[in-house]
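Q:
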Amino acid sequence: MSSHEVELITRVEGHAVYAVDLEKGEVKSVRFAPVEGARLFEAWLRQRHYDEVYFFASRICGFCPVSHNLASVKAVEAALQVQPSEQTVKLRKIMNFGEHLQSHCIHVFFLSLPDFVGAESAFALLPQYGEEVKAAVEFRDHANYLIEAVGGRPVHPMATAVGGFRRLPTPTQIAEMLSRARQMKKLLEKLVDFYSKAKVPEFSRETEYLGLQSQLEYALYDGCLASTKGFKAEVEAYKQHIEEEVREYSTAKYYTREGKPFMVGALARFNLNYDQLSDDAKETAETLGLKHPTYNSFHNTTAQLVEMVHDVDEVLKILEEFQDSGLKDERPPKVEVKPGKGTASVEAPRGTLIHSYEMDGNGLLREVDIVTPTAMSLNNVEADMRVLVKENLNLPREKLASLVEALIRAYDPCISCSVHFLRK
Amino acid sequence: MGKLKVAFFDFTSCNGCLLSMINHPEFVEVVSHVELADFRLVRSLKVEGPFDVSFVEGYPGDSHEIERLKKIREQSNMLVALGACACTGSIQSIRNFFDLEEAANYVYKGVKKDIAEVKPLDAYVEVDFYLPGCPASGAEAVQTLKALLVGRKPEIPMHAVCVECKLRETECVLVQGIPCLGPVTRGGCGAPCPAAGYFCDGCRGPCSDPNVASEVEILRKLLGKEEIVRLFRRYASLKEAFKEVAEGKVE
């Protein structure tokens, strides 16, 4: 195999290229570089009003609009010192779970699984696995309904507000969500069985796994920053711990912690917070042969499926409670506008997402910083690529290229999110 | 006659329009009746042009993408602009009101860049059909595919969003004193935003023959001048009907 560069990687959200440079049978350099046009969100969100930025924020990514919407509204709340009610937090968690469930479902079954069974796309799976693909489609529809019932629509929700919701789901919608969540639980049996046919490539490279952590639960909506190397910090202090780096060859921002690559996302959360997964999720991990901890990045996809089981269990808990007690008729609180700073984080499907704002006395943003999960994992993708290529140099060029692409895809990269990227 | 050869391309965007289309319950069925060509988002197989129809999501964000768009146009008998970025530049066009160099420096701290001004597809190539919205309506995209499959000219509404609030019996938010762009914005979306307790913020661009002066007069009772300008800058500041207000010409 000589040096290899591909145009655009398929079956990932957004545009990215990768390159492997070989010299005399040695890996000289590897690159993974998103080339989506720079959108400069951070620049133009300045001078916009706090009550609209969280709707713009969701437009950063059509695959994880809820995560951006929630991280953004939480950052605004932190700046304005607004405390959302317990009910609001639970409703937001349903949206967040809904997004993880639809995003994971699409990634696991439509984008990644074709790699593990040797198909070019989910369409190619239809003749042999029609029933299973149908189950995945059905599951995705239910997950989208969870977002729609609470947030107003699945892509770019608009019912969220500072401190609450503009409109609450009706009792009929609560009942419908509960019924669908129960169907999802059933569908998961079929889907786990389907996934067990996948041949996940062998690979191992230990790294630092980073994510949110909470004493209360498997952290997705809230928590502090933590890692498998014992690192712990408040989200507000992220800049002191996560270094931003610009590289000549890609003009992209890459992140390190203490000078080293780290990984965020489902596998990172699995490795970091395994104990807090639901019993059924742990059992699914065992069924799928996913051991804790796992250093095979390809298993990010498997960890997503394990999380799907956990997420449905958690959604069921919240919805059963709502079904019993009903929703209180809460309206968003009146907000007192004042200058301030706010930083907040949620776990997006692909990993930790941070929004940080500074606001003036008119409620307009003055400073904006957004750190996306795909950007945080980039360095680790490259470090993995280097090892993977080195270990598989004997493979024919085409096979090695497919393997590298499958690795990148397993990370579930979300290029639109990575607002920092620029073409050379 | 062979199958209709359809390709789906994505440029700089959030991919939310293609996702909304894929999310539509009839999409997989409808697409099984076409010869599916390029669809980078979901498949690895590449099929060479020419194409009968190309759906294009996003806007060209740099010089490479502008060239790519022109090539796609050459290869496509019909080109459909999918979603607000492709139709009007969408929220990205807010950036046009910033000094591009300052904006780029704010994010990239002086690193060299190739960034195009935000313009919709028809600033570069001819567009045959527009599917507006942020995100685009999956139902309209599927309906367009169906029309093309049976050889009918696709059609979507040009009336204002207000019509659809009336149809679904959503209490008028303007009447409640909440600013809304519904009276001047193109419907077809089913008016989900006012129904969700929000208001229409104009993601589908202007409707046919919008009375912008009268809209501004109503908004003026509810909002300050700067707020009105910000509202008109959201999605379609490049459209003739919204341009003046977006550029700050409000009394």
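Chains as they are written, first to last, in this note's numbering: chain S, 1 to 424; chain V, 1 to 251.
Built from N, CA and C at the ideal position, the CB exists for glycine as well.
For chain S, is any of its Cβ atoms less than 9 Å away from the one on residue 147 of chain V?
A: No, residue 147 of chain V lies away from the interface with chain S (no Cβ there is under 9 Å from its Cβ).
Q: Does the distance from the C-beta atom of residue 215 of chain V to that of residue 181 of chain V stay below 9 Å?
A: In contact: residue 215 of chain V and residue 181 of chain V (Cβ atoms closer than 9 Å).
Q: Going by beta carbon distance, what residues of the same chain come within less than 8 Å of residue 5 of chain V, once the five residues before and after it are set aside?
A: 34, 35, 37, 47, 50, 51, 52 and 53
Q: Decide if the stretch 329-336 of chain S is in contact with the stretch 287-305 of chain S; the criterion is three or more beta carbon pairs, one per stretch, under 8 Å apart.
A: no
Q: Within this structure, are the beta carbons of residue 157 of chain S and residue 65 of chain S separated by less than 9 Å?
A: yes
Q: What separation, rounded to the nearest whole angstrom, lies between the Cα atoms of residue 62 of chain V and residue 37 of chain S?
A: 6 Å
Q: When the distance is taken between beta carbons, is residue 182 of chain S closer than 9 Å to residue 264 of chain S?
A: Not in contact: residue 264 of chain S and residue 182 of chain S (Cβ atoms no closer than 9 Å).
Q: Which chain S residues are close to residue 65 of chain V, counting only those with a beta carbon under 8 Å from its beta carbon?
A: Residues of chain S passing the Cβ test: 37.
Q: Name the chain V residues whose beta carbon is nearer than 7 Å to that of residue 40 of chain S?
A: Against chain V, a Cβ distance below 7 Å from residue 40 of chain S picks out 95, 103, 104 and 107.
Q: Quick check on this structure: which residue in S:220, S:149, S:246 and S:394 has the alpha carbon closest to the alpha carbon of residue 93 of chain S?
A: S:220
Q: Can you have a look at residue 375 of chain S and say buried or exposed, based on whether 16 or more other CB atoms are within 10 angstroms of its CB?
A: By the Cβ-count criterion, residue 375 of chain S is buried, with 16 or more other Cβ atoms from all chains shown falling within 10 Å of its own Cβ.
Q: So which residues of chain S does residue 14 of chain V contact, with C-beta pairs closer than 7 Å?
A: 59, 60, 61, 62 and 416
Q: Do the CB positions of residue 230 of chain V and residue 42 of chain S come within less than 9 Å of each other?
A: With respect to the 9 Å criterion, residue 230 of chain V and residue 42 of chain S are not classified as neighbours on the basis of their beta carbons.
Q: Which whole-angstrom value describes the C-beta separation of residue 135 of chain V and residue 17 of chain V, a residue pair presumed to lie in contact below a C-beta threshold of 8 Å?
A: Contact between residue 135 of chain V and residue 17 of chain V is confirmed by a C-beta separation of about 5 Å, below the 8 Å threshold.
Q: Distance, Cα to Cα, residue 361 of chain S vs residue 45 of chain S?
A: Cα to Cα, residue 361 of chain S sits roughly 16 Å from residue 45 of chain S.
Q: Here's the rule I'm using: 16 or more other beta-carbon atoms within 10 Å means buried, otherwise exposed. How should residue 176 of chain V be labelled?
A: Burial call: exposed.
Q: State yes or no: is the C-beta of residue 227 of chain S within less than 9 Å of the C-beta of residue 270 of chain S?
A: Going by C-beta atoms, residue 227 of chain S is not nearer than 9 Å to residue 270 of chain S.
Q: Helix or strand or just coil, what does DSSP make of residue 164 of chain S?
A: strand
Q: Thinking just about the alpha-carbon of each residue, which of S:233, S:192, S:395 and S:289 is nearest to the one in residue 345 of chain S?
A: S:233
Q: Applying the 10 Å Cβ sphere with the 16-neighbour rule, what's the burial state of residue 422 of chain S?
A: Any reading at residue 422 of chain S must be qualified, since the residue scores a pLDDT of 31, below 50, and its modelled position is unreliable; no value is offered.
Q: Residue 45 of chain V touches chain S at which residues, Cβ-Cβ below 7 Å?
A: At a beta-carbon threshold of 7 Å, the residues of chain S lying near residue 45 of chain V are 120 and 121, ordered along the chain.
Q: Please classify residue 245 of chain V: is it buried, with 16 or more other beta-carbons within 10 angstroms of its beta-carbon, or exposed?
A: The Cβ neighbour count for residue 245 of chain V, taken over all protein chains shown within 10 Å, is at least 16; the residue is labelled buried.
Q: Quick check: residue 225 of chain S and residue 209 of chain S, are their CB atoms within less than 9 Å of each other?
A: No, the pair does not count as a contact, with Cβ atoms beyond the cut-off.
Q: Check each candidate in V:12, V:153, V:201 and V:161 and name the one with the smallest Cα separation from residue 92 of chain V.
A: V:12
Q: I'd like the span of the alpha helix (DSSP H) that includes residue 68 of chain V, first residue to last.
A: 63-75
Q: Check residue 294 of chain S in the structure and name its three-state DSSP category.
A: coil
Q: Measuring CA to CA, which of V:57, V:108, V:202 and V:223 is closest to residue 86 of chain V?
A: V:57
Q: Whole angstroms is fine: what's the gap from residue 420 of chain S's alpha carbon to residue 54 of chain S's?
A: Interpretation of residue 420 of chain S is limited by its pLDDT of 36, a score under 50 that renders its predicted location unreliable; the figure taken from the coordinates is listed afterwards. Taking the straight line from one Cα to the other gives about 19 Å.
Q: Got a sec? Which residues, its chain only, sit under 8 Å from residue 80 of chain S by beta carbon, not counting five neighbours each side?
A: 50, 162, 335, 336, 337, 338, 340, 342 and 359
Q: Just how far apart, CA to CA, sit residue 233 of chain V and residue 247 of chain V?
A: 8 Å
Q: Would you kindly work out how many angstroms separate the C-alpha atoms of residue 365 of chain S and residue 48 of chain S, rounded to a whole number?
A: Distance between the alpha carbons of residue 365 of chain S and residue 48 of chain S is about 6 Å.
Q: Out of curiosity, what's the CA-to-CA distance linking residue 414 of chain S and residue 373 of chain S?
A: Roughly 8 Å separates the two Cα atoms.
Q: By the DSSP assignment, the beta strand (DSSP E) with residue 185 of chain V in it spans what residues?
A: From DSSP, residue 185 of chain V is part of no beta strand (DSSP E); its letter is neither H nor E.
Q: Going by the DSSP bridge assignment, what does residue 370 of chain S pair with across the sheet?
A: S:355
Q: When the Cβ atoms of the stretch 160-171 of chain V are set against those of the stretch 111-128 of chain V, are three or more pairs found closer than 8 Å?
A: At 8 Å Cβ cutoff, the stretches do not touch.
Q: Does the Cβ-Cβ distance between residue 174 of chain S and residue 143 of chain S come in under 9 Å?
A: no
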